[in-house]
DNA sequence: TCTGCAAATGTTATAATGTTTCAAACTTTG
DNA sequence: CAAAGTTTGAAACATTATAACATTTGCAGA
């Protein structure tokens, strides 16, 4: 399965999940990082859908399956997953999505549908280049780059009242 | 004063502030929007420096000058200022900076120094174009675009321990 | 001028998000 | 096994943001 399905279209989402988990296991093995049960479960919850999940949503789901966790448990798992590039934080939503390019070095651009909530992660070279060149022109040394585009996905255009 | 000074370099910052206030007054007059005392004061506080200010920082400053305000007061003023493009919200910091291009139609790129905290706002056409073209390629209709680059400004490079 | 509406502000309470701290359990390594 | 480091548990707390409703202010029209 080399091609990744577009999240907007119906697709066998279970394949996304198992791919993500398999990738995560391989990445952690390679880097001697411990993908513990909690961390793996949090990753799986995040991959439930292509909609970003808040830390407290994760917390609630863990709670509802008997595992009573406190906020630090979730935030620690998230920190781990962020550190190894397995999830991304969407600042404009205070929420987290699975990384669609785990293991690949990339800079992400997120297309966030304000109607259905689905997020598409892109790695667009032209965007990265333009940003890095703008930073360079100001003698600024970039470290983290956040590019988040909120709008309407193809599916939701036309099916929504455009405020 | 057509050229705007770079925030990193020492500059007559009072000029930034008065320019911003004058611009804001003109913009509000043109649009029949009421730049009330609270709103103007919040704008002025935000323009105190080129470092983003949190809502509760603003609240504290209002409090320390005798005007006892509650959170909604500040958030409402911020909503107004955002609506008329007089300030920007920096999602990755949950904070607000004055808009350096008020009144001009623009898409902003923010260079945020993680050391000194100063933010430089740019309007880079190449970045906007690249992003819009990426969105178009996915048939995505962009509305809000967030581009925030965290790193080291020219002044802070070299003067910091690079973790 | 008065009156009534809409916009703006005040006030209290609460929701949502994120962190600090310290203790206990587990894992790895010598 | 023992020591050291990492991970998790648990309680409290800090920060950021909103809801709901009362009050005041500014302004247009009678």
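Residue numbers (my numbering), protein chains in the order written: chain A, 1 to 163; chain B, 164 to 326. Beta carbons: idealized from backbone N, C-alpha and C, even for Gly. Bear in mind the structure is a predicted one, so any value in this text is a computation, not a measurement.
- Between the C-alpha atoms of residue 91 of chain A and residue 145 of chain A there is a straight-line separation of about 11 Å.
- Cβ proximity to chain A below 9 Å picks out nothing from the region 195-211 of chain B.
- Residue 39 of chain A counts as buried, since at least 16 other C-beta atoms from the protein chains shown sit within 10 angstroms of its C-beta.
- Residue 118 of chain A places its beta carbon less than 7 Å from that of residue 8 of chain A.
- Residue pairing by DSSP places residue 145 of chain A opposite B:312 in a beta bridge.
- For residue 53 of chain A, the pairing in a beta bridge is given by DSSP as A:96.
- At a cut-off of 7 Å between beta carbons, residue 27 of chain A makes no contact with chain B.
- Taking a contact as a CB-CB distance under 8 Å, the pair residue 294 of chain B and residue 149 of chain A counts as one, their CB atoms being some 6 Å apart.
- Close to residue 272 of chain B, with beta-carbon spacing below 8 Å, are these residues of chain A in chain order: 131 and 134.
- Note on geometry: alpha-carbon atoms of residue 227 of chain B and residue 42 of chain A lie some 43 Å from one another.
- Against chain B, a Cβ distance below 9 Å from residue 154 of chain A picks out 301, 302, 303 and 304.
- Contact between residue 318 of chain B and residue 134 of chain A does not hold, since the beta-carbon distance rounds to 18 Å and is not under 8 Å.
- Where residue 198 of chain B is concerned, there is no enclosing beta strand (DSSP E), because DSSP gives it neither an H nor an E.
- For residue 284 of chain B, the uninterrupted beta strand (DSSP E) segment begins and ends at 282-285.
- Below the 7 Å Cβ cutoff, chain A contributes 138 as neighbours of residue 283 of chain B, in chain order.
- The beta carbon of residue 159 of chain A does not come within 7 Å of any beta carbon belonging to chain B, so the residue lies off that interface.
- With a threshold of 16 other beta carbon atoms within 10 Å, residue 128 of chain A meets it and is buried.
- Taking a C-beta distance under 7 Å as the contact criterion, residue 52 of chain A and residue 95 of chain A qualify as a contact pair.
- Residues 109 of the same chain have their beta carbon placed closer than 6 Å to that of residue 122 of chain A, with the five preceding and five following residues left out of the count.
- Membership of residue 243 of chain B in the alpha helix (DSSP H) is indicated by the continuous run 234-246.
- The criterion of a C-beta distance shorter than 7 Å is satisfied by residue 305 of chain B and residue 151 of chain A.
- According to the DSSP secondary-structure assignment, residue 252 of chain B is paired through a beta bridge with B:259.
- Counting only the Cα atoms, residue 78 of chain A lies some 8 Å from residue 87 of chain A.
- Annotation: the continuous beta strand (DSSP E) that includes residue 109 of chain A extends over 109-113.
- For residue 172 of chain B, there are no neighbours in chain A by C-beta distance under 9 Å, as the nearest C-beta there is about 11 Å away.
- Of the other Cβ atoms in all chains shown, fewer than 16 fall within 10 Å of the Cβ of residue 268 of chain B; this residue is therefore exposed.
- Taking the CA atoms as reference points, residue 301 of chain B sits about 9 Å from residue 120 of chain A.
- Residue 98 of chain A and residue 270 of chain B have their C-alpha atoms roughly 27 Å apart.
- Here residue 176 of chain B carries a helix assignment [DSSP, helix/strand/coil].
- Neighbours of residue 260 of chain B in chain A, taken as residues at a C-beta separation under 8 Å, are lacking, since the least C-beta distance is about 15 Å.
- CA-CA distance, residue 179 of chain B to residue 208 of chain B, rounds to 12 Å.
- For residue 132 of chain A, the uninterrupted alpha helix (DSSP H) segment begins and ends at 125-137.
- Contact of residue 289 of chain B with chain A by beta-carbon distance below 8 Å involves 130, 133 and 134.
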